[in-house]
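The numbering used here puts the first residue of the sequence shown at 43, with every later residue one more than the last. Here the structure is laid out as structure tokens; the discussion comes afterwards.
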Amino acid sequence: MPRRTTPPKKQKNFFARWMSSRSDSAVFSRRTQVLAGILAVVILVCFGRLLQVQIFEGSSVAQAATDQRTVTETIRASRGTITDVNGKIFAQSVERYTVYADQNAVKLFVPTACTGSNSSVCQQQNGKALTTKGAAAVAQLLAPVLGMDSLELGAKLNGTSGYVILKKNVVPSVKRNLDTLNLSGVIGTELTTDRDYPNGALLGSVIGATNSDGQGVAGVEKMENSALKGKNGSVTYQQGSGGQEIPGTRTTATSAKNGGTVKLTVDSDVQWYVEKVLNEGKKKYGADWGIAIVQKVSTGELTAVADTDGYKAGSSDASLKGSRAMTTSFEPGSTGKLITAAALMQTKLHKATDHFQVPYSYTLNNQTYHDSHSHGIEKLTLAGIIKESSNVGMVMSSEGLSRTQRHDFITKFGIGSTSGIGFPGESKGILAAADKWDTRTANTVLFGQGYAATALQMTNVVATVANKGVKLQQSLIKSSKDADGKTTTNSGTKGTRVIDASVASDLMDMMESVTQTYSKAGVNVKGYRIAGKSGTAQVAGANGQLTNTIGDWIGAIPADNPQYVIMVAYMNSSPIYGGLTAGPVMASIGGFLMQKYEVPTSTARNNAIPTKW
43 MPRRTTPPKK QKNFFARWMS SRSDSAVFSR RTQVLAGILA VVILVCFGRL LQVQIFEGSS
103 VAQAATDQRT VTETIRASRG TITDVNGKIF AQSVERYTVY ADQNAVKLFV PTACTGSNSS
163 VCQQQNGKAL TTKGAAAVAQ LLAPVLGMDS LELGAKLNGT SGYVILKKNV VPSVKRNLDT
223 LNLSGVIGTE LTTDRDYPNG ALLGSVIGAT NSDGQGVAGV EKMENSALKG KNGSVTYQQG
283 SGGQEIPGTR TTATSAKNGG TVKLTVDSDV QWYVEKVLNE GKKKYGADWG IAIVQKVSTG
343 ELTAVADTDG YKAGSSDASL KGSRAMTTSF EPGSTGKLIT AAALMQTKLH KATDHFQVPY
403 SYTLNNQTYH DSHSHGIEKL TLAGIIKESS NVGMVMSSEG LSRTQRHDFI TKFGIGSTSG
463 IGFPGESKGI LAAADKWDTR TANTVLFGQG YAATALQMTN VVATVANKGV KLQQSLIKSS
523 KDADGKTTTN SGTKGTRVID ASVASDLMDM MESVTQTYSK AGVNVKGYRI AGKSGTAQVA
583 GANGQLTNTI GDWIGAIPAD NPQYVIMVAY MNSSPIYGGL TAGPVMASIG GFLMQKYEVP
643 TSTARNNAIP TKW
């Protein structure tokens with residue numbers, strides 16, 4: 043019987059396939075279940091996280107998003123104003139803008155053609171559509187407005203920076219023109235301020251300068267920095283993706299407080315005239331430089347402070363070199379004889395009318411002193427010694443004046459200490475202690491040599507005499523207020539009596555006799571009496587040798603009712619004598635002052651102190 047092998051084989055194959063199918067279905071089912079489980083877990087996690095975010099962390103997440111959009115912007119305060127005594131501006135901060143670009147936005151810039159109804163968003167040039175895009179198009183629009191070369195501007199516009207400065211100190215009118223280009227998001231502007239000095243070099247070295255951060259670094263700018271500096275404010279808001287402020291999102295705002303106002307004692311009209319004639323004198327007499335000061339007798343206020351350096355306010359010279367009139371010290375020469383004469387009369391060692399026989403030269407303690415010109419023995423009073431400006435006469439008349447007394451009166455008149463004005467870099471002069479003087483110096487100080495003083499100090503010497511012997515605190519600041527409106531003016535100190543009124547009166551008489559000597563040389567003002575003193579002193583040059591000469595003149599006008607003291611000095615003038623150079627310039631300034639302020643003319647001079655016997 044044949045074997046039956048085929049059917050069982052077929053049955054086996056069917057069963058195997060069925061079993062295999064069932065196995066695959068189970069695997070698939072299990073995999074599906076696993077995947078479903080995983081998805082369920084993910085969904086549950088996401089749902090849980092969503093619940094957590096919405097219910098438990100919703101406020102913090104929203105706050106984080108808000109924080110990312112929130113910016114705080116500084117509102118910069120303007121620096122305060124410096125004016126003259128009449129309110130004329132010497133220094134002020136003016137509105138300026140910094141123009142910047144987003145280089146990434148520049149790359150994507152495509153000009154919008156103007157259709158006549160989209161003027162607020164379109165760009166064109168000279169009524170024609172632009173044919174370029176990107177940096178080339180932006181440069182084409184900006185260059186004529188900013189006054190820049192388009193190629194140079196195009197180079198600045200290319201890059202990947204979100205902030206690149208194109209131009210600083212842009213004036214408001216240019217900024218308004220920029221706004222019409224409709225380049226918001228591509229080009230931006232930041233409000234800044236620029237320090238403006240409308241009078242240039244007028245009082246420039248005294249006004250001083252500020253640095254790039256707007257802080258005073260020299261002159262009045264530094265001296266009054268605390269009053270002039272403002273207080274910045276701030277504003278907080280949310281910004282959109284383009285950096286623009288989202289309307290209605292401002293949360294806090296603090297207003298900026300602009301700096302205060304500093305009013306000087308200086309009259310700009312007088313300052314202008316003083317600088318004018320001082321420079322004319324420098325040229326006429328071939329001087330290296332000149333300085334001049336005008337001080338009001340009754341108040342100690344400085345009406346003019348000038349030098350011939352001509353530094354513009356805000357310049358590097360004004361910042362680094364400063365005011366020669368305020369900082370330079372030199373031997374006063376014969377103007378220092380006024381201090382000695384005051385000491386002699388105040389200590390009652392001598393009277394103005396005491397008699398002296400004065401030779402050309404005189405030897406004391408093996409030291410010989412002589413006058414500026416040869417002469418025989420002259421019969422002079424103390425007033426005559428001052429009139430003739432005799433060095434020998436000062437030494438002879440002062441033999442009874444101790445070293446301590448000599449030193450004390452020099453210091454009482456302000457030499458060796460600063461004026462109290464507080465001007466940056468102001469010199470206090472050079473005055474050694476009396477016990478440090480050698481034999482010769484102890485006598486040369488009697489005629490203004492052996493110590494150094496500033497123009498400020500010597501001006502106040504004569505102002506003290508003109509003020510009937512009372513020394514006042516000099517001042518440059520009339521008033522000042524800071525950003526909060528608080529008065530910051532230094533009240534100064536009360537007047538200090540240095541010599542008796544009678545001694546001061548005699549000194550004024552002596553100085554009036556001196557002025558009469560130089561009247562024909564141009565030291566005169568028609569209708570007004572002048573009490574003054576000339577000075578000439580050798581000073582050290584760069585090599586340390588006595589190669590330079592200072593010639594100065596200090597005068598009070600009118601002599602019978604002193605209103606102003608004027609000090610003028612020249613370095614290395616020709617002629618060298620202060621009475622012949624500085625004197626006429628002083629008189630010119632005095633005449634201007636008398637006319638400007640309508641000062642009554644002088645009364646006739648009577649009973650002048652005799653100068654000879």
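Ideal Cβ placement from N, Cα and C applies to all residues, glycine included.
Spatial neighbours of residue i within its chain, please: CB distance less than 6 Å, with the 5 preceding and 5 following residues excluded, ordered by chain position.
i, result
"Gln-280", "Arg-111, Thr-112, Ile-288 and Thr-291"
"Ala-119", "Gly-272, Lys-273, Asn-274, Ala-298, Lys-299 and Asn-300"
"Thr-623", "Tyr-327, Gly-593, Tyr-612 and Ser-615"
"Thr-293", "Thr-278"
"Ala-573", "Met-550, Met-553, Glu-554, Ala-598 and Ala-601"
"Gly-242", "Lys-354"
"Phe-634", "Tyr-315"
"Glu-420", "Val-400"
"Gly-462", "Gln-515"
"Ala-295", "Val-277"
"Leu-188", "Lys-209"
"Lys-130", "Ser-310"
"Ile-333", "Asp-349, Arg-366, Ala-367, Ala-497 and Ala-611"
"Asp-236", "Val-136, Arg-138 and Asn-211"
Please look up how many angstroms separate the CB atoms of residue i and residue j, rounded, as I've assumed it's under 8 Å.
i, j, result
"Ile-249", "Ala-355", "4 Å"
"Ala-546", "Lys-523", "That belief does not hold up - the Cβ atoms of Ala-546 and Lys-523 are roughly 36 Å apart, past 8 Å."
"Leu-488", "Val-437", "6 Å"
"Glu-232", "Tyr-139", "7 Å"
"Ala-425", "Pro-626", "Not a contact, Cβ separation roughly 24 Å."
"Met-609", "Val-565", "About 14 Å separates the two Cβ atoms, so there is no contact after all."
"Leu-320", "Ala-385", "Not a contact, Cβ separation roughly 32 Å."
"Val-148", "Val-228", "6 Å"
"Met-368", "Glu-468", "5 Å"
"Val-581", "Lys-305", "Their Cβ separation, rounded to whole angstroms, is 36 Å, which puts Val-581 and Lys-305 out of contact at 8 Å."
Leaving aside the five residues before and after residue i along the sequence, list all residues of the same chain whose C-beta is less than 7 Å from its C-beta, in chain order.
i, result
"Gly-230", "Tyr-142"
"Thr-531", "Ile-519, Ser-521 and Ser-522"
"Asp-542", "Gln-388 and Gly-511"
"Thr-481", "Asn-407 and Gln-409"
"Ile-472", "Ser-371, Tyr-493 and Ala-494"
"Arg-571", "Glu-554, Pro-600, Ala-601, Asp-602, Ser-644 and Arg-647"
"Arg-45", "In this prediction, Arg-45 has a pLDDT of 48, which is less than 50 and means its spatial position is unreliable; nothing more can be read from the coordinates."
"Thr-14", "Examination of residue 14 is not possible in this model, given that the chain is present from 43 through 655 alone."
"Thr-446", "Ala-476"
"Ser-376", "Ser-431, Phe-489, Gly-490, Lys-575, Ser-576, Gly-577 and Thr-578"
The beta strand (DSSP E) that contains residue i, what's its start and end?
i, result
"Ser-347", "Per the sequence shown, the amino acid found at residue 347 is Val instead of Ser. Per DSSP, Val-347 belongs to the beta strand (DSSP E) from 344-349."
"Asn-590", "590-599"
"Ile-608", "606-613"
"Trp-331", "331-338"
"Phe-451", "That residue, Phe-451, is in no beta strand (DSSP E); its alpha helix (DSSP H) goes 445-454."
"Glu-20", "This structure cannot settle anything about residue 20, because the visible part of the chain is limited to 43 through 655."
"Ser-276", "275-280"
"Thr-410", "409-412"
"Gln-580", "573-581"
"Gln-399", "397-400"
"Val-304", "303-306"
Once the 5 residues before and after residue i are set aside, which same chain residues still bring their CB inside 8 Å of it?
i, result
"Ser-414", "Ser-431, Asn-433 and Thr-578"
"Ala-508", "Val-339, Ala-546, Met-550, Ala-573, Ala-598, Pro-604 and Val-607"
"Lys-52", "Note that Lys-52 has pLDDT 49, beneath the 50 cutoff, so the model's placement of it is unreliable and the number below is only indicative. No residues qualify anywhere along the chain."
"Ala-656", "Outside the modelled stretch of the chain, which goes from 43 to 655, sits residue 656, for which no answer is possible."
"Gly-632", "Val-567, Tyr-570, Ile-572, Gly-597, Ile-599, Tyr-606 and Ile-608"
"Gln-166", "Pro-153, Ala-155, Cys-156 and Leu-172"
Can you name the start and end residues of the alpha helix (DSSP H) that residue i belongs to?
i, result
"Phe-634", "624-638"
"Ala-143", "Taken as a continuous stretch (DSSP letters only), Ala-143 belongs to no alpha helix (DSSP H), being part of the beta strand (DSSP E) at 131-143."
"Tyr-404", "Unbroken run through Tyr-404 is the beta strand (DSSP E), 403-406; no alpha helix (DSSP H)."
"Ile-381", "379-388"
"Lys-326", "310-327"
The ligand COA and residue i: does the residue's C-beta get closer than 6 Å to at least one heavy atom of that ligand?
i, result
"Gly-332", "You won't find the ligand COA in this model; it holds no ligand whatsoever."
> Where are the alpha helix (DSSP H) runs, 4 residues long or more, that stay fully inside the segment 176-259, in chain order?
Replying inline: Complete alpha helix (DSSP H) runs here, min 4: 176-188, 192-199, 214-221 and 246-249.
>> Could you tell me which whole alpha helix (DSSP H) segments of length 4 or greater appear in the segment 477-526?
In response: Every alpha helix (DSSP H) stretch that sits fully inside the segment 477-526 and reaches 4 residues is listed by chain position as 483-486 and 497-508.
> Using 8 Å as the threshold, is the segment 343-355 in touch with the segment 408-425, meaning 3 or more CB pairs across them?
Replying inline: The count of Cβ pairs closer than 8 Å, one atom from the segment 343-355 and one from the segment 408-425, stays below three, leaving the stretches out of contact.
> Would you say the segment 394-401 touches the segment 445-458, given that touching needs at least three Cβ pairs under 8 Å?
Replying inline: Judged by Cβ distances under 8 Å, the segment 394-401 makes no contact with the segment 445-458, as fewer than three pairs qualify.
> Is there contact here, the segment 495-502 with the segment 330-338, by at least three beta-carbon pairs under 8 Å?
Replying inline: Output reads yes: the segment 330-338 touches the segment 495-502.
> Any contact of the segment 152-160 with the segment 306-316, i.e. 3+ C-beta pairs under 8 Å?
Replying inline: A contact between stretches requires three or more CB pairs, one per stretch, nearer than 8 Å, and the segment 152-160 fails this requirement with the segment 306-316.
> Just checking, does the segment 243-259 make contact with the segment 358-373 on the three C-beta pairs under 8 Å criterion?
Replying inline: With the cut-off at 8 Å, the segment 243-259 and the segment 358-373 touch.
>> Contact between the segment 361-381 and the segment 256-264 is defined here as three or more beta-carbon pairs at a separation below 8 Å; is this criterion met?
In response: By the criterion of at least three beta-carbon pairs nearer than 8 Å, the segment 361-381 is in contact with the segment 256-264.
>> Tell me whether the segment 205-215 and the segment 174-183 touch, counting them as touching only if at least three CB pairs, one residue from each stretch, are closer than 8 Å.
In response: The segment 205-215, when compared against the segment 174-183, does not touch it at the 8 Å Cβ threshold.
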